[in-house]
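Take a look at the structure below.
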Amino acid sequence: MTLRHEDVWKAIDALAAEHGLSPSGLARKAGLDPTTFNPSKRKQGGKPRWPSFETIVKALDAVGAPLETFTALITGGTAQARRPGMLGPRRVPLIGLAQAGSDAFFDDAGYPTGGGWDEIELPAISDPNAYALEISGDSMEPVYRDGDVIIVSPNAPTRRGDRVVVKTRQGEVMAKELVRKSARKIELASLNPAYPGRSLNLDEVAWIARIVWASQ
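In this note's numbering, the protein residues as written are 136 to 351.
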């Protein structure tokens with residue numbers, strides 16, 4: 136097979152999306168210049184250019200993915216199908232993040248329930264309980280902005296550094312970065328530095344689910 140510039144760049148886009156990041160967000164997480172993976176950097180003098188191997192390795196390290204994952208993203212089918220667990224476009228339930236605190240939309244395990252959801256067609260994951268939330272307000276800027284849509288997978292495992300949606304037993308819903316999870320509590324960092332982080336006892340948490348895609 137002939138390796139093409141566009142396939143490598145699409146693999147970078149897919150890697151970012153799988154971890155709920157934009158290409159610039161992936162670059163920042165990897166400690167690179169935020170513009171490293173931007174479309175403007177994909178050509179030089181009008182000719183396609185390759186990303187450096189060093190930047191790819193740093194991006195993989197930042198999200199805890201092996202090199203084999205990146206190879207699979209390059210050599211698979213479509214860009215969406217190359218992402219691990221992705222099945223291609225699918226209609227998923229959608230509500231606004233502000234509505235997510237209502238018990239009418241989720242069961243006790245954090246799975247979507249009830250008939251009040253809208254629908255949207257977005258890249259789908261294998262989790263049949265995945266759903267979409269539409270961001271409102273500025274509490275998650277600059278990572279997620281007003282109007283962005285995120286896909287949340289309640290069945291996906293969570294680990295340190297993941298972007299997650301957390302619902303407390305008091306009905307508060309927030310999107311944060313998981314800093315630490317112990318047997319007794321979780322520590323969360325705010326995506327917007329203007330807002331404080333949170334430390335919650337596990338008995339205060341109704342559920343926690345990983346953000347696996349964002350329409351950025």
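Don't be surprised by glycine CBs; every beta carbon is placed ideally from N, CA and C.
Just so we're clear, the structure is a prediction, and the values are computed from it rather than from any experiment.
Within the region 259-312, the complete beta strand (DSSP E) runs of at least 3 residues fall at 266-269, 284-288, 298-303. Counting C-beta pairs closer than 8 Å gives fewer than three between the region 244-258 and the region 271-280, which falls short of the contact rule. For Y330, the closest alpha carbon among the candidates V287, A349, E312, A165 is that of E312. Around the beta carbon of A235, a 10 Å sphere encloses 16 or more other beta carbons of the protein chains shown; the residue is thus reported as buried.
Excluding sequence positions up to five before and after S350, its CB lies within less than 8 Å of the CB of L257, D283, V284, I285, all in the same chain and listed in chain order. Rounded to the nearest angstrom, the Cβ distance from V300 to A344 is 5 Å, consistent with a contact under 8 Å. In the DSSP assignment, W348 is bridged to I286. Per DSSP, E339 lies in no beta strand (DSSP E) segment and is marked neither H nor E.
In this structure, the straight-line span from the alpha carbon of N336 to that of A310 is close to 17 Å. A distance below 7 Å between beta-carbons, with the five flanking residues on each side excluded, links N173 to the following residues of its chain, in chain order: P158, S159. Going by beta carbons, A162 and G245 fall outside the 8 Å limit. Following the DSSP letters along the chain, one finds A197 inside the alpha helix (DSSP H) bounded by residues 188-198.
By the 16-neighbour rule on beta-carbons within 10 angstroms, D196 is exposed.
Here D262 is buried, its C-beta having at least 16 other C-beta atoms within 10 Å.
When P186, G166, D168, A152 are compared, the shortest CA-CA separation from W144 is found for P186.
The beta carbon of G155 lies closer than 7 Å to those of I285, R298, I346, V347, W348, A349 in the same chain, with the five residues before and after it left out.
Exclusion of the five residues before and after R177 leaves W144 as the residues of its chain whose Cβ lies within less than 6 Å of its Cβ. Considering only V227, R295, V192, K302, the residue with the shortest C-alpha distance to D243 is K302. Residue pairing by DSSP places Q179 opposite K182 in a beta bridge. Taking the CA atoms as reference points, K182 sits about 36 Å from L326.
Distance from the CA of H140 to the CA of D148, rounded to the nearest whole angstrom, comes to 13 Å. Annotated three-state conformation of R333 is strand, per DSSP.
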